[in-house]
Every structure is written in structure tokens, then in C-alpha cells.
Ligand code: MD3
Ligand code: FE
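Residue numbers (my numbering): 1 to 222.
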């Protein structure tokens, strides 16, 4: 206590930025600071993807414009329009294939899944969600994927958010989890089909990502 000098690790990180793992609840592993060392490379990779397949506000099957704007990379991209929620090999905005998943995205997603006990995770889809202050994602389930035995890996970047983690019914009580810049979550097992959402983002500015939160969601869609 008290007198220890400031001692960065081999990567120049202070102790408070070192990664550490926590099992939040059954099936949910929180890898604190896991993506922090790659924050600038991740920002550049996001930029390269959304240069080709721009962020856009998709419309729900019920006709509501999402407040979050989205893009995708990989073999399959999650889309929604008047015809429903589904995965598509093509970006409906460009008419072309989605950009290839950057190697760094794949590496981080697979190593995080491995850390959480899923050595065989092979995502074919990465959804990029961009939140601005005031935007949110209402409670929903992720059930458009073929193999629900595969986990979901998510990487949070930029402004913090409060995640709501619920139960098997929309009306079940929810717990709140803070999603901070550089944190990675692996959602598997019984957590995979739980209701979840993001509360409206607070105002703020991040030194790299500005007034934005980016979430990368890696899934095996097909
Ligand atoms: C828990 N995105 O795109 S990622 C989504 O921060 C979505 O953008 C949120 O929910 C975001 O569908 C949360 C974390 C996440 C993703 C899928 C889950 C948590 C999950 C599926 C089941 C349980
Ligand atoms: Fe979701």
C-alpha cells in the first residue's frame, strides 16, 4: 500500500489497465480491458469497413427506424427491413458482398471465445452498431442464427453504456451491466437466448471514438 512507484507492464500498461476475467452470471464471461491494447487498430479497421459498407439506420419489420446505425463485415450481415430480420450475403445498400472481416476482428473474437471456454468459435458475421448519445436498443432476443450452441462475442469501444440483461420473457426483471471501452463479453450457454438491450447513451466524448459508442457483435449466423 501507499509508496509503490508507477510500474507499467511490458506493454506500457498501468496495472489498472491490465485485463482480467469475471463470470458475471451463468454463461456470461466479462473480459475486462481485453481489447484495450488494440483500440487504435480497431478504430482504423472499423473505418475501413464503413468506408465500403456505410453505417445506416435500418428499419424494423414494424416500420420503426432504429436509432442505432449499423453495418457488417464477414460472410453474412444481419439486416432488417419491412420483410423481417435475417442474415444476407450482400449489403442491401451497395448490392455487393459485405467487406471481408478484418484479421484483427477475427483474432480478437476467437481468442476471447477461447478464453471463455469456446475453442471452436468460427464467426461468419460481425455486426457494427454505432450509438450516439440518446440512442438505445430496446429489449430483444438474438435468435436469427442457425447454431444457437455457438456463443456471441461483443466488443465495446468508445462511450460507456448500460446493458440490460433479462430473462426468457421480455417482462422478466433485468440486471444492469456497465459496458466500458475495451471490454469484451462472451455470451454462451443459457445466456444465449436471454432478453437484453442497451439504455439510452449518456452525453460524452471519448479521446479516440468521439461522441460515439461502437459495439462489434460476432456471431456464427449459418
Ligand atoms: C446477450 N447489441 O446487436 S452486444 C445486438 O451493445 C445487440 O450493441 C448490443 O444486442 C450492443 O443484437 C449488445 C452484447 C450482446 C449481444 C447478443 C446477446 C449480448 C447478448 C445475445 C444474448 C445475450
Ligand atoms: Fe442483441
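Just so it is clear, CB atoms sit at the ideal spot from N, CA and C, and this is done for glycine as well. This one's a predicted model, so the numbers in the text were calculated from it and none came from an experiment.
For residue 90, DSSP records a beta bridge to 97.
At the C-beta level, residue 123 and residue 85 stay beyond 8 angstroms of one another. In its chain, beyond the 5 residues on either side, 109, 112, 113, 186, 218 have a beta carbon closer than 6 angstroms to the beta carbon of residue 153.
Bounds of the beta strand (DSSP E) holding residue 152 are 152-158. Placement of the Cβ of residue 91 at a distance of 7 angstroms or more from every heavy atom of ligand 2 is found.
Beta-bridge annotation (DSSP): residue 104 is not paired with any residue. Between residue 197 and residue 137, the alpha-carbon positions lie close to 5 angstroms from each other. When rounded, the separation of the alpha-carbon atoms in residue 22 and residue 92 is 38 angstroms. Here residue 190 is exposed, its C-beta having fewer than 16 other C-beta atoms within 10 Å. Residue 71 sits in a strand when the DSSP states are folded into three classes. Sequence-distant partners of residue 150 (beyond 5 residues in either direction) whose C-beta falls short of 6 angstroms from its own C-beta, in its chain, are 220.
For residue 73, the CB contacts under 6 angstroms within the same chain, skipping 5 residues up- and downstream, are 49, 98, 99, 101, 126 in chain order.
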